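A.B. asks:
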Amino acid sequence: MPYKNPVSVLVVIHTPALDVLLLERARHPGFWQSVTGSQEDGETLCATARREVLEETGIDADAAGIIDWQKTNRYEIFAEWRHRYAPGVTENTEHVFSLCLPEPVAVTLAPDEHLAWRWLPWREAAAACFSWSNRDAILELPQRLGVGTTEPPRRTT
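Here my numbering is used: the first residue of the sequence shown is 28, the next is one more, and so on.
#1: Please specify which runs of the alpha helix (DSSP H), each continuous and at least 4 residues long, are wholly inside the stretch 126-163, giving them in chain order.
#2: Measure the beta-carbon distance from V36 to A88 and round it to whole angstroms, keeping in mind my assumption that it falls under 8 Å.
#3: For H41, does the three-state DSSP call read helix, strand or coil?
#4: Which residues mark the beginning and the end of the alpha helix (DSSP H) in which Q107 is found?
#5: Can we say the stretch 149-161 touches the stretch 44-63, given the rule of at least three CB pairs closer than 8 Å?
#6: Let me confirm a value: T84 is counted as buried when at least 16 other C-beta atoms fall within 10 Å, else exposed. Which label applies?
#7: Tell me which same chain residues have a C-beta within less than 7 Å of the C-beta of T117, skipping the five on either side of it?
#8: Do the stretch 142-151 and the stretch 51-60 make contact, defined as three or more Cβ pairs closer than 8 Å?
#9: When we look at the beta-carbon of T42 and count the other beta-carbons within 10 Å, is it buried (16 or more) or exposed?
#10: Output the distance between the C-alpha atoms of E67 and G173, rounded to the nearest integer angstrom.
#11: In whole angstroms, what is the alpha-carbon distance linking S125 and Q170?
#12: What residue range is occupied by the uninterrupted alpha helix (DSSP H) comprising V47?
#13: Between K98, L81, N100, which lies nearest to G92 when the distance is taken from Cα to Cα?
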């Protein structure tokens with residue numbers, strides 16, 4: 028099996044009302060996150076984001092409009108996952124994307140990757156994430172959408 032590329036995407040899936048989709052990791056119950064995944068050889072970052080969204084949620088993002096934030100994070104790869112990378116690789120570069128859906132939808136999980144899913148208001152979603160970069164991206168959503176940082180638009184349902 029080839030080594031994983033230490034370049035990945037983080038895709039924050041949300042609604043205009045700033046409800047955010049989180050997925051619970053199968054190998055780490057209680058660890059909640061947005062869609063993430065490593066870039067494959069020859070794949071653009073946007074293609075990686077679309078592929079990971081489809082694989083992890085069943086959502087076909089081609090028509091939905093993934094937005095590249097042009098933002099990267101660098102972080103140390105957890106020791107327990109380093110065996111999946113080439114010897115000596117200890118850091119990953121993560122590229123941040125978002126996907127806005129009109130409303131929360133049911134998703135189809137990849138059972139080997141995730142146990143459960145849930146939609147949460149953005150602040151609750153940020154607090155539930157185990158990853159600092161995921162938390163920070165969710166907290167940045169209001170600014171990215173131009174709705175200010177005090178209160179997001181209220182849900183009508």
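All residues carry an ideal CB built from backbone N, CA and C; glycine is no exception.
No experiment lies behind these values; they were computed from the predicted model shown.
C.D. replies: Here's the rundown:
#1: Here the runs fully enclosed are 149-155.
#2: Working through the sequence shown from its first residue, we reach residue 36 at position 9. Working through the sequence shown from its first residue, we reach residue 88 at position 61. Not a contact, Cβ separation roughly 11 Å.
#3: Position 14 of the sequence shown holds residue 41. H41 falls in the strand class under three-state DSSP.
#4: Mapped onto the sequence shown, residue 107 falls at position 80. Before going on, a small fix: residue 107 reads as Glu here, not Gln. Per DSSP, E107 lies in no alpha helix (DSSP H) segment and is marked neither H nor E.
#5: Under the three-pair Cβ rule at 8 Å, the stretch 149-161 counts as touching the stretch 44-63.
#6: As a first step, residue 84 is located in the sequence shown; it is residue number 57 there, counting from the start. Classification of T84: buried, given that the 10 Å Cβ count is 16 or more.
#7: Position 90 of the sequence shown, counted from the start, is the residue given in the question as residue 117. The residues are E103, I104, R109.
#8: The answer is yes - the stretch 51-60 touches the stretch 142-151, with three or more Cβ pairs under 8 Å.
#9: Along the sequence shown, one-based indexing puts residue 42 at 15. Using a 10 angstroms sphere on the CB of T42, the tally of other CB atoms reaches 16 or more, which defines it as buried.
#10: As a first step, residue 67 is located in the sequence shown; it is residue number 40 there, counting from the start. As a first step, residue 173 is located in the sequence shown; it is residue number 146 there, counting from the start. Cα to Cα, E67 sits roughly 33 Å from G173.
#11: As a position in the sequence shown, residue 125 is number 98, starting the count at 1. As a position in the sequence shown, residue 170 is number 143, starting the count at 1. Cα-Cα distance, rounded: 13 Å.
#12: Stepping through the sequence shown from its first residue, residue 47 is reached at position 20. Element bounds for V47: not the alpha helix (DSSP H) but the beta strand (DSSP E), 46-52.
#13: Against the sequence shown, residue 92 aligns to sequence position 65. Among K98, L81, N100, the Cα nearest to that of G92 belongs to L81.
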